[in-house]
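*Asks:*
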Amino acid sequence: MMYGDPQQQQQHQQHPPPQHQQPHQQHPPPQHQPPHQQHPPPQHQPQHQQHPPPQHQLQHQHPPQVGEFPRGPQPPPSLMMRQSSASSTTLGGPGPGPPDYHHPSAQPHPPYDAHGDSFAAKRMRKIGQRRAVDYTSTVVRYMQIRMCQRDSRDRTVLQPTPAAAIDMLPTVAYSDNPSTSFAAKFVHTSLNKNRCSINRVLWTPTGRRLITGSQSGEFTLWNGQSFNFEMILQAHDQAIRSMVWSYNENWMVTGDDGGSIKYWQNNMNNVKANKSAHKESVRDLSFCRTDLKFCSCSDDTTVKVWDFARCQEERSLSGHGWDVKSVDWHPTKSLLVSGGKDNLVKLWDAKSGRELCSFHGHKNTVLCVKWNQNGNWVLTASKDQIIKLYDIRAMKELESFRGHRKDVTALAWHPFHEEYFVSGSFDGSIFHWLVGHETPQVEIPNAHDNSVWDLAWHPIGYILCSGSNDHTTKFWCRNRPGDPARDKFNVGHSQGYGEQNPALAGRMPGNFPGPEASYNSWTVRCWIDAK
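Numbering of the sequence shown is given in UniProt numbering, commencing with residue 1 and proceeding in unit increments.
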């Protein structure tokens, strides 16, 4: 049979087009097309192996069948396409294969075995940068230089440039200058799927994870460097109100709204529970130095001392006329300090249960009390928006810190700088303070959208964690050399740190001894203005 037979051409044109063929594809080919291109290929030749038509015939081409690859040149890369990798087979590479790009669901998908790279048939995920804070380099640097340097007097000054970040040291290396440890730089926000208030935050003794206690009674474990989620555990039936680690780092004790106290091993295994420890919510817990005993306070107006091994109550201290909101055991002595709704701060002898002294400095509920590691200072926070510092050697108030505009709800001493502490407020602000300066050194007024319930320092002291009623857990770290400190959490209502009035003394760290005060760019600017 000849290719130019008119009878054969007439029979070929009488067949109806396929159902998937568009109407504009039913027209006969152009006149300049050779007649032999109008016939289908021989029966022995597979349809998918015929040669692609010229460029002027692309618009008359049939769409690909299911299981058939698109014909013609590879389309240009777009949002729905992925560039072929070295392991992918392309049309131009050795051997047959389809173009390596993603097919939308509305179009037929090629078989998976047609791709050399199995990821080619999957949707691409949006790649985002995950922030992480690693202290390893600073510790290694500190271990190297301490062999040839006596103390901070022999160390080089950190220059306010990003290149000086390689010379950064851990916070313990700057013991004479706490301004280098101000954790005012926002790092990350962690949020549970089950959104509820974060009442307590507590670092593990090794600092590898952070444990949060929520209003729903759940423990959530977050990675201490990358801040990603690791584990969630239903720990209590009611809201968690208190969490504390023992000094030997083997046990954690927690309390909830129902008055229960539970023991936890460091692998989060619950080994003991006392469901009738208190009649009301357990507000705070604290261990003695030997870990043989611990104390608890509750809204039932009592402070109790417990034998840890037997989980039995040894004595109950009754002296507060109302709810007891906070209690803390002295770092070295058998001495307790407590604060309550009766506006009083009381000192107790843990052995005899006798009340030793009462401070009447606050005019509203005392929400938090904390011993300093030196054992001489007691820090108290109240609903009267004032923080007070007491010295037990003289049994009198040393200093009052004013600046918060709402109730002061949380306190945390720095683990290495005894004069440095942070406070959280009911309005979501976080302030950084130094003993001897009545005004805050760093103010973060927009740290949270709601009240800050708890603050916790990393054991090394380079990260601060805050838990809030806005359902979030936020991480804050030190500024690197050269950081401008102008993110949204470091900027006030209308101005950043660099544009604030230098006449406002104490707003920025610029009046501290030591050359390391030039830790970042804004510190240098304020230091020069102070001169």
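Each residue gets a CB set at the ideal place from its N, CA and C atoms; glycine is no exception. This one's a predicted model, so the numbers in the text were calculated from it and none came from an experiment.
#1: State the DSSP-derived secondary structure class of Leu344, mapped to helix, strand or coil.
#2: Can you look up Leu504 in the DSSP assignment and give me helix, strand or coil?
#3: Just the Cα atoms here: how many angstroms apart are Met231 and Lys325?
#4: For Cys297, which beta-bridge partners are listed by DSSP?
#5: Excluding the 5 residues flanking Asn450 on each side, which residues of the same chain have their C-beta closer than 7 Å to its C-beta?
#6: CA-CA distance, Asn248 and Lys293?
#7: With burial defined as no fewer than 16 other Cβ atoms inside 10 Å of the residue's Cβ, what is the status of Cys148: buried or exposed?
#8: State the Cα-Cα distance for the pair Gln159 and Pro170, rounded to the nearest angstrom.
#9: Where does Ala277 fall in DSSP's three states?
#10: Checking the sheet assignment: what are the DSSP bridge partners for Thr254?
#11: At what residue ranges does the region 433-459 contain a whole run of the beta strand (DSSP E), taking only runs of 3 or more?
#12: Taking the C-alpha atoms as reference points, what is the distance between Leu285 and Ala239?
#13: Taking the straight line between their C-alpha atoms, what separation do you get for residue 575 and Cys357?
#14: Exposed or buried, which one is Gln31 when buried takes at least 16 other CB atoms within 10 Å?
#15: Would you please state the rounded distance, in angstroms, between the beta carbons of Gln385 and Lys406? I believe it to be under 8 Å.
#16: So what's Thr380 in DSSP terms, helix, strand or just coil?
#17: Between which two residues does the alpha helix (DSSP H) harbouring Tyr142 extend?
#18: With distances taken Cα to Cα, identify the nearest neighbour of Tyr390 among Gly436, His417, Ala164, Ser175.
#19: Which residue comes first and which comes last in the beta strand (DSSP E) that contains Ala163?
#20: By Cβ distance below 7 Å, which residues in the same chain neighbour Pro515 in space, the five residues on each side in sequence not counted?
#21: Give me the residue from Asp454, Leu202, Ala309 with the minimum Cα distance to Asn274.
*Replies:* The relevant details are as follows:
#1: coil
#2: For Leu504, the pLDDT reaches just 32, beneath the cut-off of 50, and the residue's location in the model is therefore unreliable, leaving the point undetermined.
#3: 30 Å
#4: Looking at the DSSP output, Cys297 bridges to Asp284, Val303.
#5: Gly428, Ser468, Asn469, Asp470
#6: 13 Å
#7: exposed
#8: Rounded to whole angstroms, Gln159 to Pro170 spans 16 Å at the Cα level.
#9: coil
#10: Met243, Lys262
#11: Listed in chain order, they are 437-444, 452-457.
#12: 15 Å
#13: Limits of the chain in this structure are 1 at one end and 531 at the other, which puts residue 575 out of reach.
#14: Residue placement at Gln31 is flagged as unreliable, the pLDDT there being 48, under the threshold of 50; the coordinate-derived value follows with that caveat. Exposed, by the Cβ-count rule.
#15: By a beta-carbon distance limit of 8 Å, Gln385 contacts Lys406. Their separation comes to about 6 Å.
#16: Strand, per DSSP.
#17: 136-145
#18: Gly436
#19: From DSSP, Ala163 is part of no beta strand (DSSP E); its letter is neither H nor E.
#20: For Pro515, the predicted structure reports a pLDDT of 32, less than 50, and the residue's modelled location is therefore unreliable. The matter cannot be settled from this model.
#21: Nearest C-alpha to Asn274: Ala309.
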